[in-house]
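So the sequences go chain by chain: X and Z.
Whatever position you read off the first sequence (first residue = 1), add 52 for the working numbering.
Whatever position you read off the second sequence (first residue = 1), add 52 for the working numbering.
For each residue, glycine too, the CB sits at the ideal point set by N, CA and C.
As the structure is a computational prediction, the values presented were derived from the model and not from experiment.
Here's the structure, in C-alpha cells; my notes come after.
2 protein chains.
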Amino acid sequence: MQTPIPDIVVSRLPVYFQTLQTMQAEGQHTTSSKELGEKLGISAAQIRKDLSQFGEFGKQGTGYIISFLIDQLKTILNMDHSWDVAVIGAGNLGKAIAHYHGFAPQGFNIKLVFDTSPDLIGTNIGDLNILDIDELIPCIKKAGVKIAMLTVPDAAAQAVADELVKAGIEGILNYTSTPLNLPPRVVHLRHSDPVSQLQHMTYYIGKSK
Amino acid sequence: MQTPIPDIVVSRLPVYFQTLQTMQAEGQHTTSSKELGEKLGISAAQIRKDLSQFGEFGKQGTGYIISFLIDQLKTILNMDHSWDVAVIGAGNLGKAIAHYHGFAPQGFNIKLVFDTSPDLIGTNIGDLNILDIDELIPCIKKAGVKIAMLTVPDAAAQAVADELVKAGIEGILNYTSTPLNLPPRVVHLRHSDPVSQLQHMTYYIGKSK
DNA sequence: GAGAATTTGTGAATAATTTCGCAAATTCAG
DNA sequence: CTGAATTTGCGAAATTATTCACAAATTCTC
C-alpha cells in the first residue's frame, strides 16, 4: 500500500458491509451506489470513491453484485476469519457485552473476561469464567487475543490499558470516558464513551429550543 | 449563529470537557492548549481553533483557567441542566445502561425503560419500572423526554425509531447495527454499533501482520 | 437492433479541515 | 526593570475530503 487509505474511508466500510449483509438477508442480489447511498444518507459518488480505493467491484449499467462485494469487504476488513476478544471489567457494561449474542455471528468471539473483584473472579458469565485482572498479561498472551473491550471504571482505565499493551493487545475499544494515552503505532484505539456521544447530541438539541 | 459550527468541531468538545473535568478533579487550576493537546493526541492549534469558534476563553502567556473553560463548555454543550433519557429495549445492553451509574453524575437521568417482552414489562431495573413499548408514544410525550438510547434487536430498530420520532424524541443514540433512516432536521442521530467499531479496528490490525 | 436509460470509475473542481506562523499579551528569571 | 519564554487567537497556506461531471460499458425498451 503506497498512500494509506484515509481513516475516514475505512470508518465507512463497516457500515457498507453491514448494510449489504442486510440486503442479502432480504434476498436482494444486486445494488447500486445510488441505492446504497439513499439507504445510508451518503452520496452515491462518495460510495464509489470509497470503494475505488480498493479496486473495481462494480459493473457499468448494473451496479454491484451484493455477494461479491460482501466478500471483497470481508477480505479488506480482515473479517474473513473470526477474532477473539477480551472484555476487561465485568461490571454492568462488561457483563452485558459478554452476554450479547450479536458478536459471534459477526465473527467476534468473547474469549476472556477479567475483573478485580474477588466476588466476581471465578464466577461465570454464560460459560465464560471471570478471570483475575492480575493474570491479565499471561492469560492474554497465552490465548493470543489481539482485541480488548475496556469497560473498567474511569480511574483504572489508563493503568489497565498500559497492561493491555504489555500483553500484546493490538486494538482497544474504549468504553470509558478517559482518553487513553498509548503508543499509536502499537495499538489501534477507538473511543466509544456514551456520555460524550450524548453530549454531542445535546449540543444540537439545545440549539433548537 | 451565522455559519454553523462544523460537526467535527462539536464532536471534539465533549472530549475536551471531560478531560478538563478530570484535570480539575486532580486539583489543577490552569492548562494550555499545548498540555491539553499532548494529553489527547491532538495538535495545540486545533484545540485553539476549535475553542475560538465559540469565543476567547484563554489568556496569552497563561493559557486557560480550567474552571472557567468547563463552565463555558457546559453552556455550549447545553449541559448546564440535566437531561432525561429513555432506554428502548431492556435486553442485555439496555439493562446494563439502565444500571450504569456513570450517567447521572454527568447530568443524564435514565427516566424510562421500554421493552416488548411480557416477562420483562412490569418488572424493575433498580427503581425503574419496565414499560410496554406499545405505550412508547404517550409515555415519552408525557414525560417530555427528548433523548433515547436504542438497544432493541436489529430487526425492530427502524420501526421503533419511527415511533420515537412520532413521540417527539429529538436525539437517538443508536446501538443497533441498523443504519436508521429518519428526517434529519427533526432528529439528531448518533450510530454507535460495537460491531462496526471492532471492524474498523480489524482493518488495521490485520494489516500489521 | 437502435436509441434511451443506468451505472461505474475517475480526473478535475470545489469545499472543508488542519496546520503554520506570527503579532500581541502576559509571565518569568534575575 | 529588561530580556527571554509562554501562550493565545487568527489570517493565510497547505492538506484532505467531497462533489461534480462525463466517457465508457452495459442493460432495457419496443
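Taking 3 residues as the shortest admissible run, the stretch 107-148 of chain X contains the following complete beta strand (DSSP E) segments, listed from N- to C-terminal end: 135-140. Not flagged as an interface residue toward chain X: Z/Arg100, since no C-beta distance is shorter than 8 angstroms. Burial of X/Ile199 is indicated by the presence of at least 16 other C-beta atoms within 10 angstroms of its C-beta.
Taking Z/Phe106 as reference, the option from Z/Ala77, Z/Lys91 and Z/Val62 with the minimal CA-CA separation is Z/Val62. For the stretch 190-214 of chain X, the beta-carbon criterion of a distance under 7 angstroms to any beta-carbon of chain Z is satisfied by Lys198 and Ile199. Against Z/Phe166, chain X offers no close residue; the least beta-carbon distance is about 17 angstroms (beta-carbon pairs closer than 7 angstroms). With its beta carbon at least 8 angstroms from every one in chain Z, X/Ile122 lies outside the interface.
Shown here, X/Arg242 sits in a strand according to DSSP, grouped into three states.
Annotation: the continuous beta strand (DSSP E) that includes X/Phe160 extends over Phe160 to Asp167. The bridge partners DSSP lists for X/Met201 are X/Val139 and X/Leu225.
In the DSSP secondary-structure assignment, Z/Thr71 is not bridged to any residue. Residue environment: X/Ser95 is assigned as exposed (fewer than 16 neighbouring CB atoms within 10 Å of its CB, all protein chains considered). If the five residues before and after Z/Pro246 are omitted, its C-beta is found closer than 8 angstroms to the C-beta atoms of Tyr227, all from its own chain and listed in chain order. For Z/Ile99, the uninterrupted alpha helix (DSSP H) segment begins and ends at Ala96 to Ser104. In the DSSP assignment, Z/Asp184 is bridged to Z/Asp167. X/Gly143 is the residue among X/Ala195, X/Ile60 and X/Gly143 whose C-alpha sits nearest the C-alpha of X/Pro170.
CA-to-CA, the gap between Z/Asn130 and Z/Leu216 works out to about 22 angstroms. For Z/Thr71, the nearest CB of chain X lies under 8 angstroms from its own CB, placing it at the interface with that chain.
Spatial neighbours of X/Leu172 in its own chain (CB-CB distance under 8 angstroms, excluding positions within 5 residues in sequence) are listed in chain order as Ala142 and Ile182.
Contacts with chain Z at 8 angstroms (Cβ-Cβ) do not include X/Thr83. X/Ser169 is outside the set of residues whose beta carbon lies under 8 angstroms from a beta carbon in chain Z. For Z/Gln210, the enclosing alpha helix (DSSP H) starts and ends at Asp206 to Lys218. Rounded to the nearest whole angstrom, the CA to CA distance from X/Leu202 to Z/Gly93 is 19 angstroms. Pairing X/Arg242 with Z/Met253 gives a Cβ-Cβ distance under 8 angstroms. Nearest to X/Ile192 by C-alpha distance, out of X/Ile140, X/Asp206 and X/Gln98, is X/Ile140.
Taking a C-beta distance under 8 angstroms as the contact criterion, Z/Ile118 and Z/Leu72 qualify as a contact pair. Minimum Cα-Cα distance from Z/Phe155 among the listed residues Z/Phe166, Z/Gln70, Z/Thr82 and Z/Leu88 corresponds to Z/Gln70. Sixteen is the threshold: since fewer than 16 other Cβ atoms of the shown chains lie within 10 Å of the Cβ of X/Gly174, the residue is exposed. Z/Pro190 has its alpha-carbon roughly 12 angstroms from the corresponding atom of Z/Ile221. In the DSSP assignment, X/Glu90 falls within the alpha helix (DSSP H) that extends over Ser85 to Leu92. Residue-level contact by beta carbon fails for X/Gln76 and chain Z, as no gap is shorter than 8 angstroms.
The beta carbon of X/Ser244 sits closer than 8 angstroms to some beta carbon of chain Z. For Z/Asp123, the closest alpha carbon among the candidates Z/Asp136, Z/Ala97, Z/Gln76 and Z/Gln98 is that of Z/Gln76. When rounded, the separation of the alpha-carbon atoms in X/Leu232 and X/Lys111 is 44 angstroms. Around the Cβ of X/Ile162, a 10 Å sphere holds 16 or more other Cβ atoms; the residue is buried.
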